[in-house]
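Below is one structure, written out as structure tokens, with a few remarks after it.
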């Protein structure tokens with residue numbers, strides 16, 4: 001099948017929402033793209049307007065790749081497609097104009113959320129650095145890009161309540177695709193909260209703890225325990241008489257006893273060095 | 001010496017100008033003897049000696065624009081193909097002495113002249129001409145394979161990149177840079193290698209392609225012990241920048257400190273020191289430290305001083321207003337994204353101040369003092385601070401107050417001792433480093449002869465010692 005036909009079919013499939021089929025048809029399309037030297041924008045193939053138009057089509061194909069793998073919940077291929085799409089986004093010849101509230105910023109924003117839900121904060125900031133400084137994007141006015149950035153800053157601040165308010169209401173989400181990350185984000189959020197709780201309190205009533213973790217008040221103690229153990233790695237939480245007690249690891253400063261061995265070793269080391277100087 | 005010439009320049013009339021031009025021509029030609037020496041002895045130190053004069057020479061060349069073409073027309077044999085290429089880009093030479101030069105032009109002199117041409121074009125702002133010359137230079141460099149060209153090549157790449165940067169055509173030069181990096185690495189042209197690495201990093205950072213620069217750093221090995229100081233400084237500065245973006249503040253801090261300490265103590269490095277100091281201040285703040293007052297002494301650091309003040313007082317409102325009023329400054333310095341991250345530090349400092357002053361305080365009061373949204377969010381934020389180790393405290397949920405733990409006497413712990421130990425080790429390694437990097441000038445002909453035999457051994461020992469001793473020359 002020719003590239004045109006395949007592409008037309010891909011568009012159709014994507015329109016009709018058959019994302020699994022999209023994934024399957026994308027593989028032969030990519031092979032065709034490689035054959036025509038259209039999968040990666042280089043200095044050579046961005047010289048004429050024709051080839052730039054061709055590359056714009058490749059970009060659309062990859063965008064569909066990103067979105068359909070996300071809608072299929074295939075995160076690995078989501079990341080791969082985004083990696084392939086990146087050279088297009090940063091190429092000023094293919095994307096010369098400012099992107100505001102477009103498909104591109106939506107995809108970038110989804111990727112940012114994905115990084116956030118995975119806990120890759122450092123990668124998140126690497127992406128952010130580029131977006132902030134590129135003249136193609138206007139972060140503070142883009143409804144898609146604003147969202148993950150707000151989430152991150154609140155997460156770092158510890159202002160979990162704001163994130164919770166954003167997540168619990170679908171109307172706050174800039175587009176339906178974001179729903180895919182809500183469960184992972186909520187789990188990540190609970191995990192963060194749980195880690196904070198165990199450092200902060202010596203004991204806390206179970207009902208209050210449920211509140212803090214945004215869990216339903218109605219769930220039974222057994223369910224609650226299961227959630228704690230499975231998702232939140234709370235091995236040192238002891239539940240007793242309606243209270244949760246936390247084993248504190250008090251020794252933040254290590255062993256208070258003076259380690260004589262270390263001192264002797266250090267001093268001998270200095271003596272040796274000073275001798276060599278003299 | 002050069003300063004004298006400049007001072008005289010002001011007083012003298014234009015008649016003397018031609019005389020000076022001739023003097024300058026003689027100066028340049030006499031410097032060729034150094035290049036000759038470098039060529040025969042394979043000692044790059046002669047070339048670095050030549051480069052020490054490059055700064056003043058640049059100004060002179062612009063002032064006496066006919067000097068360079070004259071030198072070129074005298075040095076190049078007429079049949080040489082690049083003679084016309086160079087002369088076409090320059091003003092007409094003074095005298096057309098048509099004596100044919102028989103001796104072949106050695107690569108060192110040829111590259112040096114090309115370098116001077118490129119620098120001249122840059123200094124006189126003829127960017128498109130400079131850009132046209134680049135393919136020629138690159139081909140020329142590829143055609144030679146001589147270790148004595150190492151320093152010249154490193155300088156040439158620097159000016160090539162600079163040209164490309166000025167015409168903002170950064171990505172097209174990348175393939176050439178990468179290709180030459182490979183060649184230089186294989187040939188152990190350390191200076192060129194280091195220079196290209198820093199140039200590539202700069203190239204990526206200007207375009208904010210952080211991922212690319214991380215990839216590069218992972219793949220390369222920077223020849224730290226065999227290159228000039230300024231390259232090491234630049235490399236550390238870029239590393240600091242990249243690490244800070246990746247949120248690895250402690251590494252970034254180490255690198256930026258190393259960069260600042262290694263900076264050559266001349267006026268020319270002021271710009272670099274300022275940029276590095278700005279980065280250092282921001283990194284310090286991000287780590288939760290407050291920079292010392294004395295770092296704000298030099299240069300225009302007012303915006304950074306104000307940010308520090310806001311963080312120090314833990315005043316969110318002040319921080320927001322500082323951010324707003326100096327936004328363009330921060331963006332110009334390319335530190336805006338890092339400074340936005342400070343918001344959370346402002347809150348943390350605020351909470352730390354409260355925790356220090358009160359042993360017990362209700363969450364509601366904290367909320368009011370720090371202008372936070374609600375009591376609930378205050379509880380989460382305080383709890384996050386406790387988890388991050390910003391404060392030593394606990395929260396009583398039922399009664400809604402924060403209770404500060406008693407501050408441990410720091411002198412009963414091992415902390416001061418290990419801190420002291422770190423400092424002693426730093427001083428000792430600094431001493432050892434300086435001993436190792438000492439070089440003894442060969443002042444007389446006689447001793448020169450003797451030294452030459454010893455030197456390779458010395459060099460070997462030095463390298464070995466560097467490899468053996470696991471010395472950290474920077475710490476904290």
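Protein chains in written order, with full-length UniProt numbering: chain A, 1 to 278; chain B, 1 to 476.
Quick reminder that beta carbons are idealized off the backbone N, C-alpha and C, glycines included.
Measure the CB-CB distance between residue i and residue j and report whether it falls below 7 Å.
i	j	result
residue 109 (chain A)	residue 75 (chain A)	no
residue 216 (chain B)	residue 200 (chain B)	yes
residue 60 (chain B)	residue 24 (chain B)	yes
residue 62 (chain A)	residue 89 (chain A)	no
residue 252 (chain B)	residue 283 (chain B)	yes
residue 200 (chain A)	residue 395 (chain B)	yes
residue 134 (chain B)	residue 167 (chain B)	no
residue 245 (chain B)	residue 210 (chain B)	yes
residue 107 (chain A)	residue 139 (chain A)	no
residue 120 (chain B)	residue 86 (chain B)	no
residue 245 (chain A)	residue 203 (chain A)	yes
residue 260 (chain B)	residue 276 (chain B)	yes
residue 185 (chain A)	residue 117 (chain A)	yes
residue 278 (chain B)	residue 304 (chain B)	yes
residue 123 (chain B)	residue 62 (chain B)	yes
residue 41 (chain A)	residue 55 (chain A)	yes
residue 167 (chain A)	residue 182 (chain A)	yes
residue 52 (chain A)	residue 93 (chain A)	yes
residue 397 (chain B)	residue 208 (chain A)	yes
residue 376 (chain B)	residue 161 (chain A)	yes
residue 158 (chain A)	residue 47 (chain B)	no
residue 125 (chain B)	residue 89 (chain B)	no
residue 389 (chain B)	residue 353 (chain B)	no
Excluding five sequence neighbours on each side, which residues of the same chain lie with their C-beta closer than 8 Å to the C-beta of residue i?
i	result
residue 106 (chain B)	35, 36, 39
residue 387 (chain B)	none
residue 123 (chain A)	115
residue 111 (chain B)	140, 141, 144, 149, 152, 153, 156
residue 131 (chain B)	163, 164, 167, 169
Once you ignore the five residues that flank residue i on each side, which residues in its own chain have a CB closer than 6 Å to its CB?
i	result
residue 483 (chain B)	Not covered by the structure: residue 483 (chain B). The range shown for chain B is 1 to 476.
residue 190 (chain B)	223, 226, 227
Might you give, ordered along the chain, the residues of its own chain that have their beta carbon closer than 7 Å to the beta carbon of residue i, omitting 5 neighbours on each side?
i	result
residue 401 (chain B)	360, 361, 362, 363
residue 268 (chain A)	none
residue 137 (chain A)	99, 105, 131, 145
residue 210 (chain A)	217, 224
residue 68 (chain A)	14, 19, 22, 23
residue 453 (chain B)	Residue placement at residue 453 (chain B) cannot be trusted, given a pLDDT of 47 that sits under 50; what the coordinates show is reported in the next sentence. Excluding positions up to five away in sequence, the list is empty.
residue 176 (chain B)	138
residue 146 (chain B)	107
According to DSSP, residue i sits in a beta bridge with which residue or residues?
i	result
residue 237 (chain A)	A:246
residue 402 (chain B)	B:361, B:395
residue 205 (chain A)	A:243
How many whole angstroms separate the CB atoms of residue i and residue j, which I take to be in contact at a CB cut-off of 8 Å?
i	j	result
residue 44 (chain B)	residue 148 (chain B)	6 Å
residue 349 (chain B)	residue 367 (chain B)	16 Å between Cβ atoms; not a contact.
residue 202 (chain B)	residue 255 (chain B)	Not really, about 15 Å apart at Cβ, beyond 8 Å.
residue 285 (chain B)	residue 307 (chain B)	7 Å
residue 347 (chain B)	residue 370 (chain B)	6 Å
residue 312 (chain B)	residue 342 (chain B)	About 11 Å separates the two Cβ atoms, so there is no contact after all.
residue 30 (chain B)	residue 50 (chain B)	With 8 Å as the limit, residue 30 (chain B) and residue 50 (chain B) do not qualify as a contact, their Cβ atoms being about 11 Å apart.
residue 283 (chain A)	residue 206 (chain A)	Because chain A in this structure spans residues 1 to 278, residue 283 (chain A) falls outside the shown range and cannot be described.
residue 205 (chain B)	residue 195 (chain B)	Not quite, the Cβ-Cβ distance comes to about 16 Å (not below 8 Å), so this is no contact.
residue 421 (chain B)	residue 260 (chain A)	Actually they do not touch by this definition, with Cβ atoms about 14 Å apart.
residue 158 (chain B)	residue 197 (chain B)	About 12 Å separates the two Cβ atoms, so there is no contact after all.
Please confirm whether residue i has its beta-carbon closer than 7 Å to some beta-carbon of chain E.
i	result
residue 80 (chain A)	Among the protein chains in the structure shown, which are A and B, there is no chain E.
Q: With 8 Å as the C-beta to C-beta threshold (strictly closer), list the residues of the segment 155–173 of chain A near chain B in chain order.
A: Identification of residues in the segment 155–173 of chain A having a C-beta nearer than 8 Å to some C-beta of chain B yields 156, 157, 158, 159, 160, 161, 162, given in sequence order.
Q) Relative to chain A, which residues along the segment 141–172 of chain B have a C-beta separation below 7 Å, given in chain order? A) Answer in chain order: 172.
Q | Residues of the segment 107–128 of chain A with Cβ closer than 7 Å to any Cβ of chain B, in chain order | A | Listed in sequence order: 121, 122, 125, 126, 128.
Q: Can you give me, in chain order, the residues of the segment 144–155 of chain A that have a beta carbon less than 7 Å from any beta carbon in chain B?
A: When C-beta distances to chain B are compared with 7 Å, the residues of the segment 144–155 of chain A below that value are 153, in chain order.
Q | Residues of the segment 207–224 of chain B whose Cβ lies closer than 9 Å to any Cβ of chain A, in chain order | A | Taking 9 Å as the Cβ-Cβ cut-off against chain A, the residues of the segment 207–224 of chain B that qualify are 207, 208, 209, 210, 211, 214.
(Q) Output needed in chain order: residues of the segment 182–205 of chain B with a Cβ under 9 Å from some Cβ in chain A. (A) Within the segment 182–205 of chain B, no residue qualifies.
(Q) Give me the subset of the segment 40–63 of chain A whose CB atoms are less than 8 Å from a CB atom of chain B, sorted by chain position. (A) Near chain B, meaning a CB-to-CB distance below 8 Å, the residues of the segment 40–63 of chain A are 43.
Q.
Give me the subset of the segment 129–142 of chain A whose CB atoms are less than 8 Å from a CB atom of chain B, sorted by chain position.
A. Of all residues in the segment 129–142 of chain A, 129, 130, 132, 133, 134 have a Cβ within less than 8 Å of some Cβ in chain B.
Q. For the segment 239–253 of chain B, which residues have a beta carbon sitting closer than 7 Å to at least one beta carbon of chain A?
A. Per Cβ criterion, the list reads 245, 246, 247.
Q) For the segment 186–198 of chain A, which residues have a beta carbon sitting closer than 9 Å to at least one beta carbon of chain B? A) Result list: 192, 193, 195, 196, 197, 198.
(Q) So if I threshold CB-CB distances at 9 Å, which residues from the segment 342–376 of chain B count as touching chain A? (A) Cβ contacts with chain A come from 343, 344, 347, 348, 372, 373, 374, 376.
Q: Check each residue of the segment 265–278 of chain A: if its Cβ is closer than 7 Å to any Cβ of chain B, include it; give the result in chain order.
A: Those residues of the segment 265–278 of chain A that come within reach of chain B (Cβ to Cβ, closer than 7 Å) are 266, 270, 273, 277.
(Q) To be precise: take each residue of the segment 199–211 of chain A, compare its Cβ to all Cβ atoms of chain B, and keep it if any distance is under 8 Å. Which residues remain? (A) Within the segment 199–211 of chain A, the residues whose Cβ lies closer than 8 Å to some Cβ of chain B are 199, 200, 201, 202, 204, 205, 208, listed in chain order.
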